Amino acid sequence: MPFRGSSSLRRHPLRCFESVVAPPLFRSSGTNRSIIRYAHSNPLNHSGDVKKIEFADIGCGFGGLLICLSTLFPQKLMIGMELRDKVTEYVKERILALRAAHPGQYQNVSVVRTNSMKYIPNYFDKGQLCKMFFLFPDPHFKEKNHRRRVISPHLLDEYAYALQVGGVIYTITDVEELGDWMKTCLENHPLFEPVTEEELKADPVVELLHSASEEGQKVARNGGQTYRAVYRIASPM
Ligand SMILES: C[S@@+](CC[C@H](N)C(=O)[O-])C[C@H]1O[C@@H](n2cnc3c(N)ncnc32)[C@H](O)[C@@H]1O
Numbered sequence: 000m001p002f003r004g005s006s007s008l009r010r011h012p013l014r015c016f017e018s019v020v021a022p023p024l025f026r027s028s029g030t031n032r033s034i035i036r037y038a039h040s041n042p043l044n045h046s047g048d049v050k051k052i053e054f055a056d057i058g059c060g061f062g063g064l065l066i067c068l069s070t071l072f073p074q075k076l077m078i079g080m081e082l083r084d085k086v087t088e089y090v091k092e093r094i095l096a097l098r099a100a101h102p103g104q105y106q107n108v109s110v111v112r113t114n115s116m117k118y119i120p121n122y123f124d125k126g127q128l129c130k131m132f133f134l135f136p137d138p139h140f141k142e143k144n145h146r147r148r149v150i151s152p153h154l155l156d157e158y159a160y161a162l163q164v165g166g167v168i169y170t171i172t173d174v175e176e177l178g179d180w181m182k183t184c185l186e187n188h189p190l191f192e193p194v195t196e197e198e199l200k201a202d203p204v205v206e207l208l209h210s211a212s213e214e215g216q217k218v219a220r221n222g223g224q225t226y227r228a229v230y231r232i233a234s235p236m
């Protein structure tokens with residue numbers, strides 16, 4: 000699903016921060032106004048502690064993974080980062096509809112329209128995240144476009160900064176060459192080590208890599224092969 004740009008994106012230049020359920024919603028007469036004050040209104044926040052986002056789905060597309068993670072990890076705050084304006088809007092509306100249909104749930108998930116490749120460092124503190132997801136990223140086949148890939152040696156430095164020690168990067172693709180690329184980048188990075196097969200079997204998130212996102216479901220429907228690389232931060236930066 001390569002991003003080709005759109006006139007609507009040109010009309011709305013990217014801003015670093017554009018929270019999912021922030022001001023635009025307040026202009027509507029939505030009945031959720033009182034409960035959705037912030038992108039995350041997890042009831043846990045009301046204790047006075049400000050909880051931080053711990054999961055980030057980079058290039059979240061239509062948000063299928065986030066929706067699954069939200070109920071699987073109700074205590075964790077998570078965010079999807081998505082480049083396309085309309086897709087982000089869709090995810091935003093999807094979250095709001097789920098919140099309305101299931102009061103008290105889905106308060107821990109939000110989405111932001113942003114170019115993650117440029118702005119990740121603006122969003123997260125050092126060691127803030129415990130999981131980052133890169134599900135079926137755009138392959139950018141041509142060599143001159145490899146610099147546009149969301150996994151690269153340079154970007155892994157940024158992800159390593161945002162991840163805590165033990166924090167995990169999950170990647171999956173149906174493009175063998177991209178799978179090799181992501182694995183090689185992770186393997187060659189001094190701060191990452193592979194998560195063992197035994198640990199992967201015990202991790203409930205792993206199954207979701209294949210089944211939860213819209214792209215993953217499409218690949219599964221077509222019987223496509225997938226290439227997974229899951230690595231963790233082994234030592235502090
Ligand atoms: C092939 S889709 C996969 C979507 C989703 N992860 C899934 O598995 O269904 C790749 C997504 O990454 C988004 N994307 C590409 N580059 C991005 C960037 N620099 N920042 C944020 N999102 C990006 C695209 O807009 C697209 O929605």
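In numbering that gives the first Met the number 0, the protein residues as written are 0 to 236. Backbone N, C-alpha and C fix where the C-beta goes; we use that ideal spot for every residue, glycine too. In this text the structure is predicted, and so the values were computed from the model without any measurement.
Indicate whether residue i and residue j have their beta-carbon atoms separated by less than 8 angstroms.
i      : j      : result
Leu207 : Leu76  : no
Ile232 : Phe191 : yes
Ser212 : Gly79  : no
Tyr105 : Arg98  : yes
Glu81  : Val110 : yes
Ile57  : Phe135 : no
Leu162 : Met131 : yes
Thr183 : Arg227 : no
How long is the line joining the alpha carbons of residue i and residue j, rounded to whole angstroms?
i      : j      : result
Gly222 : Thr172 : 13 angstroms
Glu53  : His139 : 28 angstroms
Ser28  : Pro235 : Low local confidence applies: a pLDDT of 31 at Ser28 is under 50, so the model's placement there is unreliable, and no value is given.
Thr225 : Pro193 : 17 angstroms
Thr87  : Arg112 : 6 angstroms
Gln216 : Ala55  : 20 angstroms
Asp84  : Glu196 : 37 angstroms
Asn121 : Arg220 : 37 angstroms
Leu199 : Val205 : 6 angstroms
Lys141 : Arg147 : 10 angstroms
Lys51  : Asp179 : 33 angstroms
Leu95  : Asp156 : 34 angstroms
Met116 : Ala100 : 34 angstroms
Phe123 : His209 : 27 angstroms
Gly62  : Gly103 : 19 angstroms
Leu68  : Gln74  : 10 angstroms
Asp137 : Lys143 : 14 angstroms
Glu92  : Glu186 : 38 angstroms
Leu128 : Tyr118 : 15 angstroms
His188 : Val49  : 32 angstroms
Leu177 : Glu214 : 15 angstroms
Ala201 : His145 : 33 angstroms
Glu175 : Met181 : 10 angstroms
Ile66  : Asn114 : 21 angstroms
Contact defined as beta carbons within less than 8 angstroms: I believe residue i pairs with residue j. What is the distance between those atoms, to the nearest angstrom?
i      : j      : result
Lys125 : Tyr160 : 6 angstroms
Val229 : Val167 : 6 angstroms
Pro203 : Leu71  : 6 angstroms
Identify the residues that DSSP records as bridge partners of residue i: which are they?
i      : result
Phe54  : Met77 and Lys130
Ser109 : Ile78
Ala228 : Thr170
Leu162 : Leu128
Glu192 : Arg231
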